[in-house]
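Written below as structure tokens is the structure these notes are about.
In this note's numbering, the protein residues as written are 62 to 138.
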């Protein structure tokens with residue numbers, strides 16, 4: 062189909078910054094978190110991962126570097 066582009070899947074998860082401990086919502090490659098203890102976010106930051114609380118989801122700001130990466134990535138035709 063013309064104009065239809067395939068994209069890689071990413072999911073969002075609040076995770077603490079490795080140096081400050083402050084939570085941010087990062088994007089990660091894949092369909093969902095599979096329970097791994099850490100991963101590298103789309104922005105290149107390696108973070109510890111755990112089941113986030115509802116408060117983490119509500120208060121953690123979106124990582125703008127992850128957001129920009131996803132907005133600007135090239136997709137295959």
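Just so it is clear, CB atoms sit at the ideal spot from N, CA and C, and this is done for glycine as well.
Query                                                                                                                   : Result
Rounding to the nearest angstrom, what Cα-Cα distance links residue 130 and residue 118 in this structure?              : 21 Å
Within 10 angstroms of the Cβ of residue 110, are there 16 or more other Cβ atoms? Answer buried if so, exposed if not. : buried
Let's see if you can read the secondary structure: which residues bound the alpha helix (DSSP H) around residue 94?     : Unbroken run through residue 94: none, as it is neither H nor E.
Would you mind working out which of 106, 86, 69, 124 sits nearest residue 80, comparing C-alpha positions?              : 106
Taking C-alpha atoms, which residue in 69, 70, 75 lies nearest to residue 115?                                          : 75
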